[in-house]
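In my numbering, each residue's number is its place in the sequence shown (first place is 1) plus 32. Each residue gets a CB set at the ideal place from its N, CA and C atoms; glycine is no exception. Fair warning: this is a prediction, and the values are worked out from it, not measured in the lab.
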Amino acid sequence: MRHIAAAALIFVAVAAPAEASVFSLTYNGASTFGFGPASGAGSLSTDVTGAVTLADLTSFTFSLTAGLPGKTDHFTFGLSDISSFSGDIANGAWTDLHFETKVLPGYYTPNTQFVVLDLGPDGALTANPDSPPLTRGALTVAAAGQPTPVPEPGLLALLGVGLFGAGALTRRRKS
């Protein structure tokens, strides 16, 4: 029993907790081809640093407002609406980001998707697959507070094994 407890304490002391980082997204796009300006806001989170893929995202939400002058459509994109995603995080900041959403139907505007080519001044756009960009602008990505601790599956498994071992040892002594 002492060996199990000592091993559990060593594993707990050595294990580093994972953290989910949350980032806020802001988009301001200027009109092209007579469409009105577009704006959007949202957030995404991931629990990895370095290269980030779609599989590494733990959440994504983005609300986009776009339309013709005087007529506005609202589009809401979730994690399941992302068709491609890649990026890099270094020192808590995005150094590279590319993603594309699925096309959602518009009422006043054509069917619309949101595309991020890069983090430059004209690196983000709203688009319809059958036309040039409807708006172009910059996507701003900022850390939204401190990273949130994520429970470690290994630690929980170790706790379960320890409880199982303690139960087995107690049962053996009663026999």
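Margin query: So for A87, helix, strand or coil by DSSP?
Written below: helix
Margin query: One question on the structure: do L129 and G119 come within less than 9 angstroms of each other, judged by their Cβ atoms?
Written below: yes
Margin query: Tell me which residues share the same chain as S18 and place their Cβ nearer than 7 angstroms to its Cβ, disregarding the 5 neighbours each side in the sequence.
Written below: Any answer about residue 18 is impossible in this case: the structure gives the chain only from 33 up to 207.
Item checked: Beta-carbon proximity of F65 to L76, cut-off 9 angstroms -> no
Check: Nearest-angstrom Cα distance between T97 and A87?
Finding: 27 angstroms
Next item on the list: Take the Cβ of V59 as the centre, count every other Cβ of all protein chains shown within 10 Å, and call the residue buried at 16 or more, exposed below.
Entry: As written in the sequence, residue 59 is Tyr, which differs from the Val given in the question. Classification for Y59: buried.
Margin query: Here's a check: name, in chain order, each residue in its chain whose Cβ is nearer than 6 angstroms to the Cβ of T108, leaving out the five neighbours to either side.
Written below: S95
Check: Within this structure, are the beta carbons of S53 and D79 separated by less than 9 angstroms?
Finding: yes
Check: Are the beta-carbon atoms of P165 and V148 separated by less than 9 angstroms?
Finding: no
Check: Where does T202 fall in DSSP's three states?
Finding: helix
Check: In three-state terms, what does DSSP make of S163?
Finding: coil
Note to self: Between the alpha carbons of T133 and Q145, how many angstroms are there, rounded?
What the structure shows: 6 angstroms
Next item on the list: Could you say which of A175, G99, T202, L111 lies nearest to A122 if we only look at CA atoms?
Entry: A175
Item checked: Run of the beta strand (DSSP E) containing D113, from where it starts to where it stops -> Run containing D113: none; DSSP gives neither H nor E here.
Checklist line | For G124, the three-state DSSP class (helix, strand or coil) | finding: coil
Notebook entry, point to check: A83: buried (16+ other C-beta within 10 angstroms of its C-beta) or exposed?
Noted result: exposed
Next item on the list: Rounded to whole angstroms, what's the CA-CA distance from T172 to F131? Just pull it up for me.
Entry: 14 angstroms
Notebook entry, point to check: Under the rule that 16 or more other beta-carbon atoms within 10 Å means buried, what is A156, buried or exposed?
Noted result: buried
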